[in-house]
Every structure is written in C-alpha cells, then in structure tokens.
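Reading through the structure tokens given below for one structure.
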Amino acid sequence: MSENQTKKTKSILQAPRGTRDFYPEQMARLQWLFQLWRQTSLRHGFEEYDGPSFEHLDLYTIKSGDEIVSQLFSFEDRGGRDLALRPELTPTLARMIAVKANALPRPIKWFSIPRSCRAERPQKGRLREFFQWNIDIVGSDEVLADAECIFVALDFLRQVGLGPVLIELRVNSRFIVSTLLIDAGIDAERHGQMFAIMDKYEKLSEAEFDKYACEQGVCDTELTAVKNILRVPDLSSLESLSRSEQSRAELAKMRELKQYLDDFGVGEYFVYKPAVVRGLAYYTGIVFEIFDRSAKMRAIAGGGRYDNLISMFGGPSMPAVGFGMGDVVLMDLLDELGKAPMIPSHQPPEFFVIDADPSLFGMVLKIVGCLRGKGFAADYAPKRQAMGKQFKYATGRLAKFAIIVGDETRTQNLISVKNLQSGEQRQLNVEEFLKSPEQLSL
RNA sequence: GUGAAAGUAGCUCAAGUGGUUAGAGCACCAGGUUGUGGUCCUGGGGGUUGAGGGUUCGAGUCCCUUCUUUCACCCCA
22 MSENQTKKTK
32 SILQAPRGTR
42 DFYPEQMARL
52 QWLFQLWRQT
62 SLRHGFEEYD
72 GPSFEHLDLY
82 TIKSGDEIVS
92 QLFSFEDRGG
102 RDLALRPELT
112 PTLARMIAVK
122 ANALPRPIKW
132 FSIPRSCRAE
142 RPQKGRLREF
152 FQWNIDIVGS
162 DEVLADAECI
172 FVALDFLRQV
182 GLGPVLIELR
192 VNSRFIVSTL
202 LIDAGIDAER
212 HGQMFAIMDK
222 YEKLSEAEFD
232 KYACEQGVCD
242 TELTAVKNIL
252 RVPDLSSLES
262 LSRSEQSRAE
272 LAKMRELKQY
282 LDDFGVGEYF
292 VYKPAVVRGL
302 AYYTGIVFEI
312 FDRSAKMRAI
322 AGGGRYDNLI
332 SMFGGPSMPA
342 VGFGMGDVVL
352 MDLLDELGKA
362 PMIPSHQPPE
372 FFVIDADPSL
382 FGMVLKIVGC
392 LRGKGFAADY
402 APKRQAMGKQ
412 FKYATGRLAK
422 FAIIVGDETR
432 TQNLISVKNL
442 QSGEQRQLNV
452 EEFLKSPEQL
462 SL
C-alpha cells in the first residue's frame with residue numbers, strides 16, 4: 022500500500038464533515054422521533070408524501086436565485102444535466118402539486134420527513150445532512166389553515182414535554198409589516214432589505230443596530246419608523262399603528278389566528294414578535310418561529326404563508342402555508358433539558374428461555390422457535406453458561422419473563438416461568454404454555 | 001466561504017516551566033458464587049495523544065500544514 026493509500030484509508034474512517042453515523046442507540050432515538058412526527062401528522066389529518074432526494078438544480082435557483090448554489094451540493098450527471106441534493110422539500114412539494122393541482126382534493130394537507138443536505142459550514146444545531154419534518158396545507162387562504170399548521174407543531178412539542186413554559190411561538194405578518202413600512206413612506210421594493218435589517222434587531226444592541234441600519238442606507242426618519250414597528254409589544258398596540266385598511270384586515274387575521282390557537286388549547290405559546298420576518302423572500306403573510314424561551318438555541322421550527330410559490334413553479338395560483346422542524350436543534354434541546362427518552366435499540370423479549378444444563382439446549386431452541394413462530398419476541402443466551410449468567414443476560418435484554426428448562430422438563434414436561442419484574446415464579450406444562458403463551462398471568 | 005478557539009481509550013477527564021513504559025472512573029470482554037438477576041471480587045483487551053511534517057539528546061506538551069468540532073460572521077430554505 023502506498024503512503025497515499027494509507028492516508029486515504031485513515032481519512033475514510035471519518036464521516037464527512039457535518040454528517041452523522043447512526044449507531045443502533047442513535048437510530049432508536051431517531052425512529053422514536055420519526056414515529057411521533059408521523060403519528061402526530063396522521064392524527065391531525067395529514068397524508069405522507071416524498072419526492073426524489075435530488076432534483077434539477079434549476080428547481081432551487083428559480084425560487085432563491087443563483088446565490089443559493091454555493092449552499093447546495095450540486096453535480097452534473099453523465100448526460101450533462103445539472104442536479105443538486107435537495108436542501109429542502111418545499112420546491113419539490115410545489116412541483117408535485119403544480120403537476121397534479123387540478124386532480125387533488127383541497128385543502129391538500131401533506132407531511133413528509135425528508136433527509137436533506139446543505140453545503141454549509143456546520144455549527145451547533147446546523148449540520149450538512151439532517152432530517153426535517155415538513156407540514157403544509159395547500160389550497161386554502163383561510164387563517165384556519167395557518168392555525169392548523171401551527172397547532173400540529175405545538176401538539177407535537179407538547180407531547181415531548183415542551184410546554185409553553187419552556188418554549189414560545191413567535192408570530193408576525195410580513196404583509197402587515199409591509200403596509201406599515203409603506204405608511205412610513207418606504208417603497209415596496211426596499212422591503213426585502215428592511216426585513217433583513219429587522220431580522221437583526223434582537224441580535225444586536227441598540228447602538229449596534231442603529232449603526233448597522235445606517236450602513237445599510239436607512240435614514241434617520243426611516244430608522245425611527247422601523248424601530249416603532251419593532252417595539253410593538255402586542256397585538257393591541259399594533260392596532261394603534263395600523264392606519265390603512267389593508268393592515269387592519271391583516272391585523273384581524275392575526276387576531277383570528279390567536280383565537281383559533283386559544284380554541285385549540287395552545288394559546289399560551291403565542292407571542293407577537295415584530296422582528297420575526299424570516300429570511301426567505303417567498304413568504305407573503307403570517308410568519309412564525311418556535312424558540313425555547315431561554316433563546317440560547319436556533320429556532321426549533323419556522324414557517325409561514327407562501328401564497329405565490331406554486332404559481333412560480335408553473336402551477337395554478339394556489340395559496341399555501343407550512344413549516345419545517347429539524348431533528349438537530351430539537352434533539353439537542355431535549356437532551357439539554359433531560360427530556361430525551363431512553364429508547365432500547367432492540368425489542369425487549371417477552372420470553373427469555375434459560376437452560377439449567379447445556380444438555381437441555383435443544384429444548385431451549387425448540388421453545389424459542391415455537392414462540393417466535395407464534396409471533397412473540399423470544400430470546401436465549403448466546404452462550405451455554407451458568408444459569409446466573411443467563412439470568413443476567415436476560416435482565417440486560419429487558420426481558421419480561423424467564424422460562425427455565427431443567428431436568429423436570431425432560432422427565433415431567435414441566436417448565437418454570439418467572440416474571441422478572443415481580444420475581445414471581447410458577448411451574449407449567451410445556452405444551453399447555455406453548456398452546457397459548459399470551460394467557461400467561463404472572 | 002472569512003476570522004478565532006479546541007482535539008489525550010467507546011464516554012468523562014488526569015499527566016509542574018519539554019524528561020522513564022501516557023493514567024483513572026464508567027463502558028466493553030473473560031473468569032469466580034455448581035438450579036435463579038442490574039450487586040460484589042479478580043483479571044483482560046484496548047491509544048502511532050485527530051493526521052502529516054519540523055525543532056530538540058528527548059514532544060501529549062513548542063512551530064508549520066491539514067482534518068474535525070465549537071464560537072462569531074455570511075447565510076439560514
């Protein structure tokens with residue numbers, strides 16, 4: 022082996038930057054999460070879908086412009102097509118819906134748990150490969166749809182122990198901010214830039230923010246107007262600022278949203294935050310983010326209304342709202358709060374068969390074989406060892422019942438069944454036990 | 001992509017200003033109690049100190065390069 026090859030062999034032992042290996046222990050956690058995401062989605066009436074894990078590069082540049090390419094893992098296939106690993110699922114969703122739009126009953130309530138890749142520099146809570154729970158409702162412009170999306174997220178979070186004391190839902194409306202900016206004499210074409218500046222408000226000190234805004238070409242009167250918007254503490258204060266008919270209508274929508282969330286029983290999570298504008302250009306109305314209240318981490322989830330996206334992909338004009346929740350920040354947070362459950366990476370056996378003597382091993386396999394054939398999780402010690410060791414192994418595997426095969430099994434067809442939790446033990450006839458193992462009461 | 005800090009066993013951490021063969025706990029494996037358990041006792045495998053090069057009689061320790069992680073930017077779908 023050449024020196025170069027030795028080097029290569031060593032470097033391939035390391036998983037690529039920003040990726041993770043899922044050993045059984047981590048895989049069990051991941052599956053726990055997926056199952057909860059899936060169950061919650063289905064319970065709320067969403068249907069599961071998925072698309073390809075890579076798409077035409079254009080699919081992503083249409084929406085986000087060419088700058089996005091540097092954040093993508095892109096490549097060319099042998100036919101010269103430009104492709105990219107999916108950095109998110111929303112473009113795929115828009116494409117899938119644009120193709121079949123007229124055939125789908127509305128509202129379309131879909132969910133997915135895609136594995137996605139972004140070529141960014143990894144940090145805490147942000148990797149190059151991750152999973153993201155996506156929830157979308159397409160074809161409804163009613164606030165109820167926004168409320169439903171948010172409710173699924175909160176219902177899930179509540180289930181994993183993240184109540185309103187620990188986390189909050191930050192809500193704003195891009196539309197209303199836009200109308201307020203217009204009232205302040207700031208043209209619509211500069212709103213994108215304003216959103217970007219407003220996004221910094223919570224991260225910077227007052228002086229730093231002023232300086233930053235000034236550098237971005239915001240004049241003093243504009244800065245005052247922007248700050249007035251950013252300082253609005255709640256919806257009722259927003260009312261006094263909203264002068265135009267449009268902004269009043271949008272404010273009414275936000276009130277409606279709050280009412281729906283109250284009705285669903287998750288109103289306590291709601292916080293009005295004027296600085297929440299989201300980075301993406303395509304959001305058109307209500308936007309929201311979910312944060313832990315200590316706010317030391319990135320957003321747990323984020324989303325909003327994007328009424329123009331489907332038509333951008335060549336589909337009919339269809340209103341839509343949705344959010345994404347990544348696995349990384351969520352699991353980090355659960356770990357930090359001690360709320361991540363211990364999930365065994367194997368299925369604990371219902372029955373664990375133990376022999377008193379290696380010569381009885383054939384009977385162990387016979388019983389295990391029969392139980393497994395009947396659909397029970399049954400197991401035995403991997404080595405012929407003293408009974409003490411076998412019991413130890415059974416306990417380690419979290420088995421419920423131990424079945425002891427001894428001389429009496431050979432001579433009288435008797436086995437002993439022991440409840441490993443209570444310690445209770447009883448002798449039974451083998452055939453009778455095997456006929457209906459589920460009727461065992463101990 | 002730019003800037004900064006860190007990296008010692010699977011995990012958590014030791015190892016004065018460079019100085020014998022890099023240690024401990026947990027975990028893992030094997031023995032011990034001869035028909036009954038996560039306890040206990042004994043032993044064991046494990047590391048080219050992230051990798052590569054340099055300075056030196058001598059490098060875990062100092063210098064350079066690189067990889068990974070973390071933090072701040074960029075961006076955040």
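Residues 22 to 463 in the working numbering are what the first sequence lists, from first letter to last. Every residue, glycine too, gets a C-beta built ideally from N, C-alpha and C. As the structure is a computational prediction, the values presented were derived from the model and not from experiment.
Exercise. For the alpha helix (DSSP H) that contains Lys-19, what are its first and last residues?
Worked result: The requested residue 19 is not part of the displayed model; the chain covers only 22 to 463.
For this session: Look at the alpha carbon of Ser-265 and the alpha carbon of Glu-210, and state the distance between them as a whole number of angstroms.
Result: C-alpha separation (whole angstroms): 19 Å.
For this session: Tell whether a beta-carbon distance below 9 Å holds between Lys-84 and Pro-112.
Result: Cβ atoms of Lys-84 and Pro-112: closer than 9 Å.
Exercise. Roughly how many whole angstroms lie between the Cα atoms of Ala-425 and Gly-66?
Worked result: Note that residue 425 is Ile in the sequence shown here, rather than Ala. Taking the straight line joining both Cα atoms gives about 48 Å.
Exercise. Is there contact here, the region 71-90 with the region 178-193, by at least three beta-carbon pairs under 8 Å?
Worked result: Taking 8 Å as the limit for Cβ pairs, the verdict is that the region 178-193 does not touch the region 71-90.
Exercise. At which residues does the alpha helix (DSSP H) containing Glu-169 begin and terminate?
Worked result: Counting along the chain, the alpha helix (DSSP H) containing Glu-169 begins and ends at 164-180.
Exercise. Alpha carbon to alpha carbon, how far is Phe-344 from Cys-170?
Worked result: Near 7 Å, if we compare the C-alpha coordinates of Cys-170 and Phe-344.
For this session: Assign Arg-147 to one of three DSSP states: helix, strand, or coil.
Result: In the displayed model, Arg-147 falls within a strand according to three-state DSSP.
Exercise. Can you tell me the Cα-Cα spacing of Ala-205 and Asp-98, whole angstroms?
Worked result: Roughly 50 Å separates the two Cα atoms.
Exercise. Which residues does DSSP pair with Ala-105 in a beta bridge?
Worked result: Note: Ala-105 is bridge-paired with Glu-76 and Ser-95 in the DSSP secondary-structure output.
Problem set entry | Per DSSP, the bridge partner or partners of Ser-194 | Looking at the DSSP output, Ser-194 sits in a beta bridge with Ile-307.
Exercise. Where do the N-terminal and C-terminal ends of the beta strand (DSSP E) with Val-292 fall, by residue?
Worked result: Per DSSP, Val-292 belongs to the beta strand (DSSP E) from 291-293.
Problem set entry | Val-451 versus Tyr-414 - alpha carbon distance | If I take the Cα positions, the gap works out to 23 Å.
Exercise. Do you know how far the Cα of Leu-106 is from the Cα of Ala-166?
Worked result: Rounded to whole angstroms, Ala-166 to Leu-106 spans 30 Å at the Cα level.
Exercise. Using CA coordinates, which residue listed in Ala-341, Val-389 and Tyr-401 is at the minimum distance from Lys-8?
Worked result: One cannot answer for residue 8 here, as it falls past the ends of the chain, which runs 22 to 463.
Exercise. With Trp-58 and Phe-172 assumed to form a contact (beta carbons below 8 Å), what rounded beta-carbon distance in angstroms separates them?
Worked result: So it is not a contact: roughly 15 Å between Cβ atoms.
For this session: Go ahead and pull the three-state DSSP assignment for Gln-446.
Result: When secondary structure is reduced to three states using DSSP, Gln-446 falls in the strand class.
Problem set entry | Gly-39 versus Glu-150 - alpha carbon distance | Between the alpha carbons of Gly-39 and Glu-150 lies a gap of roughly 7 Å.
Problem set entry | Secondary structure of Ala-322, DSSP reduced to three states | It is a strand residue.
Problem set entry | C-alpha distance - Val-164 paired with Gly-323, whole-angstrom precision | When rounded, the distance between both Cα atoms is 17 Å.
Exercise. Which residue's Cα is closest to the Cα of Asp-400: Ile-218, Ile-321, Met-318 and Ile-375?
Worked result: With distances taken between Cα atoms, Asp-400 lies closest to Ile-375.
Exercise. Taking contact to mean at least 3 C-beta pairs separated by less than 8 Å, is the region 345-352 in contact with the region 317-332?
Worked result: With a cut-off of 8 Å, the region 317-332 and the region 345-352 count as touching, because enough Cβ pairs lie within range.
For this session: Starting from Ala-228, trace the alpha helix (DSSP H) both ways and give me its first and last residue.
Result: Run containing Ala-228: 227-236, per the alpha helix (DSSP H) assignment.
Problem set entry | Rounded straight-line distance, which links the Cα of Cys-138 to that of Glu-109 | If you draw a straight line from the Cα of Glu-109 to the Cα of Cys-138, it is about 8 Å long.
For this session: Identify whether Ser-315 lies in helix, strand or coil by the three-state DSSP scheme.
Result: Here Ser-315 sits in coil by DSSP.
Problem set entry | Where Lys-456 falls: helix, strand or coil (DSSP) | Residue state, collapsed to three classes: helix.
Exercise. Quick one, are the C-beta atoms of Asp-428 and Ala-377 less than 9 Å apart?
Worked result: For Asp-428 and Ala-377, yes; Cβs fall inside 9 Å.
Problem set entry | Beta carbon of Phe-397 nearer than 9 Å to that of Pro-458 | Against a cut-off of 9 Å, the Cβ pair of Pro-458 and Phe-397 comes out as a contact.
For this session: Could you check what DSSP says for Lys-130 in three-state terms: helix, strand or coil?
Result: Correct three-state label for Lys-130: strand.
Exercise. Going by Cα to Cα distance, which pick from Val-389, Gly-213, Lys-421 and Phe-382 is closest to Gln-406?
Worked result: The residue with the shortest Cα to Cα distance from Gln-406 is Phe-382.
Exercise. By a C-beta neighbour count over all protein chains shown, 10 Å radius and 16 as the cutoff for buried, is Val-287 buried or exposed?
Worked result: Val-287 comes out buried.
Problem set entry | Endpoints, the beta strand (DSSP E) within which Asp-400 is located | Boundaries of the beta strand (DSSP E) harbouring Asp-400: 399-401, taken from the DSSP string.
Exercise. To which residues of the same chain is Phe-43 closer than 8 Å at the C-beta, ignoring the five residues directly before and after it?
Worked result: The beta carbon of Phe-43 is closer than 8 Å to those of Leu-51 in its chain, skipping five residues each way along the sequence.
Exercise. Counting along the chain, where does the alpha helix (DSSP H) carrying Ile-118 start and finish?
Worked result: Run containing Ile-118: 111-121, per the alpha helix (DSSP H) assignment.
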